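Undergrad: Following this message is one structure expressed as structure tokens.
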Amino acid sequence: MGFTAHMTIGGKPVTTDEWVSVPNPAQLTTEVGRYPGGTAEHAEMAVAAASAAYPEWRATPAEERAALLVKAGAPLAQVPQEWVGMLTAENGKPLHEAAIDIGMGGQAIMTCGSHPEWTADRVIDDEHGRMVVRRQPLGVCVGIVPWNSPLTLASLKIGPALLTGNTLIIKVPEFGPLTTMRALGEIAAMLPPGVLNVVSGMGPEIGRALVTHPKVRKVAFTGSTETGRRIMADAAGHLARLTLELGGNDAAVLLDDVDLSEAAIGRLVAATFLDAGQICINIKRLYVHESRYVELVDKMRAAVDQIVVGDGTRPEVTMGPINNARQYDKVNKLLADTKAGAEVVQLGSYAEGTDVENGYFMLPHLVLNPPDDMAIVADEQMSPILPIMKFSTGEEALTRANSTEYGLGASVWSADQDRALAFADRLEAGMTFINGHSLPALHPATPAGGAKQSGCGYEISAESIDGYVQLQSITTKTYA
């Protein structure tokens, strides 16, 4: 039997009579483990536990909270190999990508713990008296995380929520939550009971019960724009604060002076096909100047053709399967529709002995110069399919890159940094990269968040703190 997970509520393990099986997306006949199907009743229990723990945690000095976070993040930052293997088995991503997810999660928690000064008051003394601007915690917060990078995305909520004196409930994803539940359960055990709670189950039941609970003061969600809209509507009933990191249709714009060296092509491939394309800030659309189109396509074809697809535990595999049946069906339909209207090139190979019928496998594909109104260009596909389009002028590229409801990430590729910066300033994206993209290009000192319908609020960096506090102004000024 595989791993049996449990929820953590008020510092205690909690299970249910209903269990959800977790298959291995690379070996569908293998059960990795199971987790409890939590209900609205468990949401109520978690809110009660977090509420009870809140007064004492809020009263704990920020320096002590910070020190506990540094200690709690260390197990993730050390990347236990047992956790890596379990995450690969349930998620599908290769071992080295699973290690990145776990390690980045630990570093995110420890980074917040290293900056207790982020919670400090601002004091103004002048001829009118003294004014103090305090950063007060909100109370009970909820974090809802997706299946693609669950430990990193949970940790980006744990750090700022707990550093600022809030208590937190993490609702893990429906697909592949086992490693996250195990790791966060161990972190919760290092904190006072009820400060960090971990629940599992289906979003429409336990997730919605948390979002609509009147004692929940803040919801931080990472996932699709469609679900983000529903969460915003549900949270409006009691005006809960929101941080929403939602869908993206990231454009990479390659100007006519772009460097197309082997290293640059390697960065483009990694930023597109990392986690089989299932990362919200991966490149989803690639625009290249017409003078470099043929060269770029030839080099991308050669590089992408080196991708080896299969079970992520095998050392030769560089891209694992699609994570779950729902996503697999979606991207296969997208691929079929794209083939009906554009030139599609299938590349890469399967690792020897891969049982393609027993996993959610898909080889990488390039789509050559499709029209912008095709779904593969216009929608967030979250797949190993990359459309490459040519453009004639910078203004044309800018207009096409910005012509979307999304605004999560974007990138500009040019040998002239000043030119690239000027172009980037006009892109409508919360995160814009120069000659890089996606996770490898993120910097821990800069905020991560989206523009337009890609969300609101920020994660990573000192700016993430703002979403978890209420500013309170205290002044001694009096009138004669």
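Residue numbers (our numbering): 4 to 483.
C-beta: ideal position from N, C-alpha, C; glycine also.
Nothing here was measured: the structure is a model prediction, and the numbers come from that model.
1. In the DSSP assignment, find the alpha helix (DSSP H) that holds Thr479 and state where it starts and stops.
2. What does the alpha-carbon distance come out to for the pair Leu411 and Gly226?
3. What are the boundary residues of the beta strand (DSSP E) that Val35 is part of?
4. Does DSSP put Ile127 in a helix, in a strand, or in coil?
5. Taking DSSP's pairing of strands, which residues face Lys455 in a bridge?
6. Would the stretch 68-78 and the stretch 19-36 be scored as touching if the rule is three or more Cβ pairs under 8 Å?
7. In chain order, what residues of the same chain lie with their CB nearer than 6 Å to the CB of Gly470, ignoring the 5 residues before and after it?
8. Buried or exposed: where does Thr7 fall if 16 or more other Cβ atoms within 10 Å of its Cβ makes it buried?
9. Helix, strand or coil: which one does DSSP assign to Tyr331?
10. Just grab the DSSP bridge partners of Leu292 for me.
11. On the three-pair Cβ rule with 8 Å, is the stretch 96-111 touching the stretch 32-51?
12. Taking one C-beta from the stretch 50-63 and one from the stretch 168-178 each time, how about it: are there three or more such pairs within less than 8 Å?
13. Which residues in the same chain have their Cβ closer than 6 Å to the Cβ of Glu93, if we skip the five residues on either side of it in sequence?
14. I'd like the list of long-range same chain contacts for Tyr363, defined as Cβ closer than 6 Å, with 5 residues on each side in sequence excluded.
15. In this structure, how does DSSP classify Ala243 when only helix, strand and coil are distinguished?
16. Using 8 Å as the threshold, is the stretch 111-126 in touch with the stretch 154-168, meaning 3 or more CB pairs across them?
17. Less than 8 Å between C-beta atoms, sequence neighbours within five positions excluded: which residues of the same chain meet that for Ser294?
18. So what does DSSP say about Pro163, is it helix, strand or coil?
19. Go through the stretch 130-208 residue by residue and report every complete run of the alpha helix (DSSP H) that reaches 4 residues or more, in order.
20. Apart from the five residues just before and just after Val201, which ones in its own chain have a Cβ nearer than 7 Å to its Cβ?
21. Of all the options Leu271, Ala339, Ala328, which has the alpha carbon lying nearest to the alpha carbon of Ile437?
22. Compare the C-alpha of Gly197 against each of Thr275, His241, Ala46 and name the closest.
23. In the DSSP output, which residue or residues are listed as bridge partners for His368?
24. Figure out for me which residue from Ile282, Phe426, Ser352 has the closest Cα to the Cα of Asp308.
25. Please report the distance separating the alpha-carbon of Phe426 from that of Leu257.
26. Would you tell me roughly how many angstroms separate the C-alpha atoms of Ala49 and Ile209, rounded to the nearest one?
27. Would you give the residue range spanned by the alpha helix (DSSP H) that Leu98 belongs to?
28. Please list the terminal residues of the continuous beta strand (DSSP E) segment that includes Met322.
29. I believe Ile284 touches Ser441 by the beta-carbon criterion, under 8 Å. Please report the beta-carbon distance rounded to the nearest angstrom.
30. Spatial neighbours of Gln110 within its chain, please: CB distance less than 6 Å, with the 5 preceding and 5 following residues excluded, ordered by chain position.
31. What residue does the beta strand (DSSP E) around Ile437 start on, and which one ends it?
32. Is it right to say Thr155 is buried, meaning 16 or more other beta carbons lie within 10 angstroms of its own, or is it exposed?
33. Closest by CA to Asp253, which one among Arg211, Ser386, Gly14?
34. On the three-state DSSP scale, how would you describe Val256?
35. Which whole-angstrom value is the C-beta distance of Gly344 and Met377, which I expect to be below 8 Å?
36. Among the residues of its own chain, which have a CB less than 7 Å from the CB of Lys302, if the five just before and after it don't count?
TA: Based on what the coordinates show:
1. Taken as a continuous stretch (DSSP letters only), Thr479 belongs to no alpha helix (DSSP H), as it is neither H nor E.
2. 12 Å
3. 30-39
4. strand
5. Tyr409
6. no
7. Thr246, Gly460
8. Flag for Thr7 reads exposed.
9. helix
10. According to the sequence shown, residue 292 is His rather than Leu. Looking at the DSSP assignment, His292 forms a beta bridge with Phe394.
11. no
12. yes
13. Val25, Val35, Gly179, Leu181
14. Same-chain partners within the cutoff: Pro28, Pro324, Ile325, Tyr331.
15. Residue state, collapsed to three classes: coil.
16. With contact defined as three or more Cβ pairs closer than 8 Å, the stretch 111-126 and the stretch 154-168 are in contact.
17. Asp259
18. helix
19. 153-166, 181-192
20. Met10, Thr11, Ile173, Val175, Met184, Leu187, Gly188, Ala191
21. Leu271
22. Ala46
23. In DSSP, His368 forms a bridge with Gln349, Ile388.
24. If we check each option's Cα against that of Asp308, Ser352 comes out closest.
25. Spanning the two alpha carbons is a distance of roughly 11 Å.
26. 10 Å
27. 98-116
28. Here Met322 belongs to no beta strand (DSSP E), and DSSP marks it neither H nor E.
29. 5 Å
30. If we look at Gln110 and ignore the five residues flanking it on each side, its Cβ neighbours are Ala80.
31. It spans 434-437 - the beta strand (DSSP E) in which Ile437 sits, taken as one unbroken run.
32. buried
33. Ser386
34. strand
35. Their Cβ separation, rounded to whole angstroms, is 6 Å, which keeps Gly344 and Met377 in contact under 8 Å.
36. Counting only residues of its own chain and dropping the five nearest sequence neighbours on each side, Lys302 has a CB closer than 7 Å to the CB of Leu263, Ile268.
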